[in-house]
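A.B. asks: Our numbering puts the first residue of the sequence shown at 243, with every later residue one more than the last. Beta carbons are placed, not taken as given, at the ideal position from N, Cα and C, and that holds for glycine. Nothing here was measured: the structure is a model prediction, and the numbers come from that model. Here it is: the structure, laid out below.
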Amino acid sequence: MSKALYYYFPLIALIAFMIYDVSHHNVLVIVGFLLSLPYTIKYVLKGSFVELRGFLLIVFCASLMNLITTDNGIGGSILFIGSCGITAFCINNLKSIQYLLIIVIVYVLWFLYTQIFINGVQVEDILESVHLSKNYPGCLLVMLCCFWGFIKYIHYRKLPLVLPIASTIMAFFLDGRSSLICLVLLTAFCLVFRNKKTFFITLPLALVIISILLPSIEELYSLSSLSTHGMETSRYKIWESYFHNLDFPSLLFGLETHNLPYLKDYEGNPHNSLLNFHYRMGLIGVITILYYLLKSWKIYLKNRLYVLLFFSVVLWTRMFADSCLVSAMDFIVFSMLFYSYQLIRDKRLQQEFHSITETNNKKIYIKVVYGLLSVL
């Protein structure tokens, strides 16, 4: 029963949140929240996740105060608590969830491929039924690839390659330059720094390959939707409208956006994760997450964990151009943020991080699995 409560239940909760992210069936939030609650109580509210516990309590209170100035219900608060519990589970079980993460990335790529190239669905219509932005598929690929690179480097001291390349190619056919730029940066980083010993070989080789394939890349770009309207942006107008409509109460507790001039044309989406976090959690919530984020980056810098810092910075760069926070995928953001705190506190994680992956020569299948993970 203990294993069910503290392993299978939060694992199912994680899957429920992932499915909710694209289906938006509210029952999945309730299921995920209830299944993750025992883990949240034991490991976050009573366990060693000190910073995550402080973050949860402060932001949860801020989310309740948000009801003063907005029409939001408590659904976002429930989603947030569940995300924090799943975050603790992910940090404690990064090696277990890596297989699930690979399956999800491959499925998303396959889904987008079939929708665009086989079914002929327009990019803006793929997630129209759940009222998600046309930029969201690209944003989701960035989030998943950053998290996969983060986990893979922790456990295998290797950087991914195949999945970032496949995601970058797919990004050409999706709206949104932010996702494409972030995936190109991520792929280039993984290609160049995949093996430090061959850095001076891979760098010029990558440049040569890019120069050879440049005509094909330009042709691919001309066929994509990005070349027509994906480069257009009205974000500065959205942000301007958001700040222009702030008054003192809404500054403190959050701004209702759905009926604001200009923003109502985007269903209230401020197209910025920090603004979206403010809309739902108020000024206290934004200050709190910025505090923990900057301190997390400081920890990565101080401990020379530059690769982990890179994935975190790329993720937040993409999040700056879209409303990725206060969603069912928040556990990805929170896991990459709060892993730094647990790493310097938890000796088990330190040993796990600094250990070298061992394979048994007698068990060939372990080598095969490791080889596949190394390539992906």
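To the nearest angstrom, how far is it from the Cα of G296 to the Cα of K288?
C.D. replies: The alpha-carbon atoms of G296 and K288 are separated by roughly 11 Å.
A.B. asks: G524 to I451, Cα distance in whole Å?
C.D. replies: 48 Å
A.B. asks: Under 8 Å by Cβ, that's how I've got I339 and Y581 pegged, so tell me the actual separation to the nearest angstrom.
C.D. replies: With 8 Å as the limit, I339 and Y581 do not qualify as a contact, their Cβ atoms being about 13 Å apart.
A.B. asks: Distance, Cα to Cα, V271 vs Y262?
C.D. replies: 7 Å
A.B. asks: Please determine, among F573, D572 and L550, the residue with the shortest C-alpha to C-alpha distance to L585.
C.D. replies: L550
A.B. asks: Going by the beta-carbon positions, is the gap between S375 and N511 smaller than 8 Å?
C.D. replies: yes
A.B. asks: For L279 versus A330, is the C-beta spacing smaller than 8 Å?
C.D. replies: no
A.B. asks: Output needed for A258: all residues of its chain with C-beta closer than 6 Å, excluding positions within five of it in sequence on either side, in chain order.
C.D. replies: Leaving aside the five residues that flank A258 on each side, the residues in its chain whose CB is nearer than 6 Å to its CB run, in chain order, L270, V273 and G274.
A.B. asks: So the candidates are H520, R399, L557 and W481; which of them puts its Cα closest to the Cα of P491?
C.D. replies: H520
A.B. asks: Touching or not, the stretch 297 to 310 and the stretch 521 to 541, by the rule of three or more beta carbon pairs under 8 Å?
C.D. replies: yes
A.B. asks: Just to confirm the assignment, what range does the alpha helix (DSSP H) spanning K544 have?
C.D. replies: S515 to K544
A.B. asks: Can we say the stretch 313 to 330 touches the stretch 565 to 576, given the rule of at least three CB pairs closer than 8 Å?
C.D. replies: yes
A.B. asks: Starting from P512 and walking both ways along the alpha helix (DSSP H), at which residues does that stretch end?
C.D. replies: First-last for P512: undefined, no H or E at that position.
A.B. asks: Within 8 Å, do at least three Cβ pairs link the stretch 497 to 510 to the stretch 475 to 487?
C.D. replies: yes
A.B. asks: Do C387 and L351 have their C-beta atoms closer together than 8 Å?
C.D. replies: no
A.B. asks: When we look at the beta-carbon of D313 and count the other beta-carbons within 10 Å, is it buried (16 or more) or exposed?
C.D. replies: Burial call: exposed.
A.B. asks: Do the CB positions of R436 and L403 come within less than 8 Å of each other?
C.D. replies: yes
A.B. asks: Grouping DSSP H, G and I as helix and E and B as strand, with all else coil, what is D572?
C.D. replies: Under the three-state reduction of DSSP output, D572 falls in the helix class.
A.B. asks: Look up C566 in the DSSP assignment and say whether it is helix, strand or coil.
C.D. replies: coil
A.B. asks: Please name the residue, chosen from Y534, F495 and E509, that lies closest to Y583 on a Cα-to-Cα basis.
C.D. replies: Y534
A.B. asks: Hey, how far is the Cα of G418 from the Cα of L517?
C.D. replies: 19 Å
A.B. asks: Write down every uninterrupted run of the alpha helix (DSSP H) in the stretch 299 to 341 whose length is 4 residues or greater and which is fully enclosed by it, in chain order.
C.D. replies: 317 to 334
A.B. asks: Tell me which residues share the same chain as K479 and place their Cβ nearer than 7 Å to its Cβ, disregarding the 5 neighbours each side in the sequence.
C.D. replies: Y504
A.B. asks: Going by DSSP in three states, K400 sits in which element: helix, strand or coil?
C.D. replies: If DSSP states are grouped into helix, strand and coil, K400 belongs with coil.
A.B. asks: So which of Y281, T410, L494 and C432 has the shortest CA-CA distance to L422?
C.D. replies: If we check each option's Cα against that of L422, T410 comes out closest.
A.B. asks: Start and end of the alpha helix (DSSP H) containing S375?
C.D. replies: Per DSSP, S375 belongs to no alpha helix (DSSP H) and is neither H nor E.
A.B. asks: Report the rounded CA-to-CA distance for R522 versus V264, giving the unit in angstroms.
C.D. replies: 20 Å
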